[in-house]
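K.L.:
Here it is, the structure, as structure tokens.
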Amino acid sequence: MDVLGKLFGSENKVKTLRLFLFNPETPFTAEAVAGRIRGGLYTARQELSTLRQIRLIRNKFFFARVAKRNRGKHGKRTLVRKKVSGFVLNASFPYLQELRRLLLNTSLVKGDEIARRFSSTGKIKLLIIAGTFIQDPESRLDILIVGDHLRRSSVEHRMKTLESEIGKELQYAAFETGEFNYRLGLYDKLVRDVLDYPHVVVLDKLGLPPVELGRKPSTLTAEP
0 MDVLGKLFGS ENKVKTLRLF LFNPETPFTA EAVAGRIRGG LYTARQELST
50 LRQIRLIRNK FFFARVAKRN RGKHGKRTLV RKKVSGFVLN ASFPYLQELR
100 RLLLNTSLVK GDEIARRFSS TGKIKLLIIA GTFIQDPESR LDILIVGDHL
150 RRSSVEHRMK TLESEIGKEL QYAAFETGEF NYRLGLYDKL VRDVLDYPHV
200 VVLDKLGLPP VELGRKPSTL TAEP
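Spelled out as structure tokens, the structure:
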């Protein structure tokens, strides 16, 4: 991300670009963009203004659910369907394919960096990446985490950070070691769908044999 951030001027711009490239048909309000890139509203509006000026995105009105406060001093907020103004990817932008290749088809986050980020969420025993991280849209999960004493809130926080950097929602599963071994023994469909299809083993302290990981000993290892 550092190299791309310097190339494009800021990491927030890279996050905003990826958000629209990963979600080409989805419109976003400025507030939604700010939330997804985990930046302030002012920053989001600046990035959106730049991208609109070069016609990478275009204005679009659409219906969305927005919070509305009911009357009264202590009125509760309710969600109402309302027409709002936002932005959507301009499919006719002349350099769209080049941007896709640069921002989507390159390594999003290296395996060892992902391992480092989740190292403080518990005693990690197994970490596997798939899906988005290896350009496999058919995968059910992007990250599989197995460990002892996992702190769910910490795992969720780090997933949200990754989502903001990558620009799309990620699918993940986190299991305590005992539960994972139980599922593995039962040939749980979710676990097998990850292990039997393309994936990268970032960390394996369980000592699972290659046959369980659905790969030969020398294939699909994490990036150095």
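Just so you know, we're using numbering that gives the first Met the number 0 here: the sequence shown kicks off at 0 and counts up by one.
Ideal placement from N, C-alpha and C gives every residue a C-beta, glycine not left out.
Could you check if E162 is buried or exposed, using at least 16 other CB atoms within 10 Å of its CB as the buried criterion?
P.N.:
Stepping through the sequence shown from its first residue, residue 162 is reached at position 163. With 16 or more Cβ atoms within 10 Å of its Cβ, E162 is classed as buried.
K.L.:
Which class does E112 belong to by DSSP, given the choice of helix, strand or coil?
P.N.:
Taking the first residue of the sequence shown as position 1, residue 112 is located at position 113. If DSSP states are grouped into helix, strand and coil, E112 belongs with the helices.
K.L.:
My understanding is that H156 touches K122, with C-beta atoms under 8 Å, so please give their C-beta distance in whole angstroms.
P.N.:
Here residue 156 corresponds to residue number 157 of the sequence shown, with the count starting at 1. Here residue 122 corresponds to residue number 123 of the sequence shown, with the count starting at 1. That belief does not hold up - the Cβ atoms of H156 and K122 are roughly 18 Å apart, past 8 Å.
K.L.:
Return the CA-CA distance between E24 and S9, expressed in angstroms with no decimal places.
P.N.:
Sequence index remark: in the sequence shown, residue 24 carries index 25 (1-based). Sequence index remark: in the sequence shown, residue 9 carries index 10 (1-based). Computed Cα separation, rounded: 24 Å.
K.L.:
Would F117 and K82 qualify as a contact pair, given that the criterion is a beta-carbon distance under 8 Å?
P.N.:
Taking the sequence shown and counting its residues from 1, one reaches residue 117 at position 118. Taking the sequence shown and counting its residues from 1, one reaches residue 82 at position 83. No, Cβ-Cβ distance for F117 and K82 is not below 8 Å.
K.L.:
Rounding to the nearest angstrom, what Cα-Cα distance links R54 and N89 in this structure?
P.N.:
On the sequence shown, residue 54 is found 55 positions in, with the first residue counted as 1. On the sequence shown, residue 89 is found 90 positions in, with the first residue counted as 1. Each residue's Cα considered, the two are about 7 Å apart.
K.L.:
Do you know whose CA, among L47, T160, T77, lies nearest F27's CA?
P.N.:
For the purposes of this step, residue 27 is identified with residue 28 of the sequence shown, where counting begins at 1. Ranking L47, T160, T77 by Cα distance to F27 puts L47 first.
K.L.:
Assign R17 to buried or exposed, taking buried as 16 or more other Cβ atoms, counted over all protein chains shown, within 10 Å of its Cβ.
P.N.:
Translated into positions along the sequence shown, residue 17 becomes position 18. Buried.
K.L.:
Where in the segment 118-145 do unbroken runs of the beta strand (DSSP E), each at least 3 residues long, occur, reported from the N-terminal end onward?
P.N.:
Whole beta strand (DSSP E) segments, 3+ residues: 122-128.
K.L.:
Name the two residues that bound the continuous alpha helix (DSSP H) containing Y41.
P.N.:
The sequence position of residue 41 within the sequence shown is 42, counting from 1. Y41 -> alpha helix (DSSP H) spans 40-52.
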